[in-house]
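Some notes on the structure that comes next.
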Amino acid sequence: MLTWLVMYRKVVGSGRRSSFHTPLSPSSRDTERIYTEVFQSICGEYGKEYTWALKARVMGRPAREAAAIICQSVGLPLEPEELLVESSRRLHERFPSAQLMPGVERLVTHLSAHGVPLAVATGSSRETLQRKTEQHGRLFNHMQVVVTSDELAAGHGKPAPDIFLKAASRFIPPAQPAKCLVFEDAPNGVGGAKAAGMQVVMVPDSQLDHDLQNGATQVLTSLTEFIPETFGLPSY
Numbered sequence: 013m014l015t016w017l018v019m020y021r022k023v024v025g026s027g028r029r030s031s032f033h034t035p036l037s038p039s040s041r042d043t044e045r046i047y048t049e050v051f052q053s054i055c056g057e058y059g060k061e062y063t064w065a066l067k068a069r070v071m072g073r074p075a076r077e078a079a080a081i082i083c084q085s086v087g088l089p090l091e092p093e094e095l096l097v098e099s100s101r102r103l104h105e106r107f108p109s110a111q112l113m114p115g116v117e118r119l120v121t122h123l124s125a126h127g128v129p130l131a132v133a134t135g136s137s138r139e140t141l142q143r144k145t146e147q148h149g150r151l152f153n154h155m156q157v158v159v160t161s162d163e164l165a166a167g168h169g170k171p172a173p174d175i176f177l178k179a180a181s182r183f184i185p186p187a188q189p190a191k192c193l194v195f196e197d198a199p200n201g202v203g204g205a206k207a208a209g210m211q212v213v214m215v216p217d218s219q220l221d222h223d224l225q226n227g228a229t230q231v232l233t234s235l236t237e238f239i240p241e242t243f244g245l246p247s248y
């Protein structure tokens with residue numbers, strides 16, 4: 013459901029070769045705000061509440077899975093497909109205004125300038141990803157691999173590891189999971205990355221329950237705090 017950028021990095025130095033794989037969302041914090049407002053609005057129209065506890069359950073999942081969970085959890089008098097259609101219409105109207113997360117542009121351009129291969133692995137469909145990123149095409153030109161939820165079998169979105177493993181396998185040469193680093197803001201994404209055998213840097217929303225931030229290799233309040241050399245990457 014969210015746009016998680018996965019970056020794969022290959023670093024050569026000190027006689028050793030290190031590879032890192034990272035999902036980041038160039039605009040995730042802002043698109044998450046849009047998701048929250050849209051689903052709160054729809055649920056509110058039926059006298060229902062879209063809570064942060066529910067949001068945490070669906071973050072990162074493919075849209076159809078998320079819609080089914082929302083309908084069932086709050087008792088919306090809609091079929092999941094109806095919720096999907098209406099929410100998609102509202103989301104697509106607002107996504108073009110989404111802003112980049114602080115620190116994303118600096119990190120992406122820095123890694124790209126140092127020859128670090130990058131990729132996108134997202135629970136969004138390709139159409140939704142295009143809407144989210146149409147104002148940031150220049151930044152996405154740095155990405156060598158893009159994997160969306162359209163390419164996953166039903167039931168294999170986050171927190172399953174499939175999307176991360178698929179993205180890693182598409183690099184030349186393919187990335188070893190143990191040498192991959194993932195940037196996430198969703199518990200489902202962290203779970204999927206860990207299940208794939210990868211390290212995870214989590215940048216959660218401040219409203220996310222702290223108990224749901226467990227499992228990440230590192231937790232940051234902002235990508236501006238990220239120190240590349242901590243993971244063997246070129247320093248700023």
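Position 59 (the sequence shown) corresponds to 71 in the numbering used here; numbering is contiguous. All C-beta atoms, glycine included, are put in the ideal place defined by N, C-alpha and C. Treat the numbers as computed from the prediction; the structure is a model and nothing was measured.
Give me the Cβ distance between residue i and residue j, rounded to the nearest whole Å; I'm assuming they're in contact under 8 Å.
i	j	result
S99	I54	6 Å
P281	G204	Since the displayed the chain opens at 13 and closes at 248, residue 281 lies outside it and no answer follows.
P74	G169	4 Å
L96	A79	4 Å
I175	V157	Between V157 and I175 the Cβ distance is about 11 Å, and since that is not below 8 Å, they are no contact.
A133	A187	That pair is no contact at about 12 Å.
R102	V70	About 16 Å; that fails the 8 Å criterion.
T242	P114	Contact flag wrong, Cβ pair sits at about 18 Å.
F183	P216	That pair is no contact at about 27 Å.
Would you report the Cα separation of residue i and residue j, rounded to the nearest angstrom?
i	j	result
G227	M214	9 Å
L119	Y58	42 Å
L245	G72	26 Å
A166	F238	34 Å
Q84	E139	26 Å
N200	L151	25 Å
L193	E91	37 Å
G56	L66	14 Å
D223	L232	15 Å
T229	V202	9 Å
V212	E196	7 Å
E94	L164	22 Å
H154	P89	43 Å
A181	P171	Checking the sequence shown, residue 181 turns out to be Ser, not Ala. Taking the straight line from one Cα to the other gives about 18 Å.
E61	Q147	31 Å
G135	V86	22 Å
A198	L177	18 Å
Q52	P185	44 Å
Identify whether residue i lies in helix, strand or coil by the three-state DSSP scheme.
i	result
Q142	helix
L164	coil
L177	helix
V128	coil
P186	coil
V120	helix
L151	helix
F195	strand
Q230	strand
V97	helix
V50	helix
A110	coil
A65	helix
Q219	coil
Between residue i and the rest of its own chain, which residues show a CB-CB distance below 6 Å, the 5 nearest in sequence each way excluded?
i	result
G209	P189, A190
R143	H104, F107
Considering only residues of the same chain and omitting the five flanking positions on each side of residue i, which have a CB-CB separation below 7 Å?
i	result
S137	A75, T160, S161, D162
Y248	H122, P240
E77	G169
K206	V212, G227
Closer than 8 Å by C-beta to residue i: which residues in its own chain qualify, once you throw out the five before and the five after it? Chain order, please.
i	result
D221	W64, A65, A68
S218	T233
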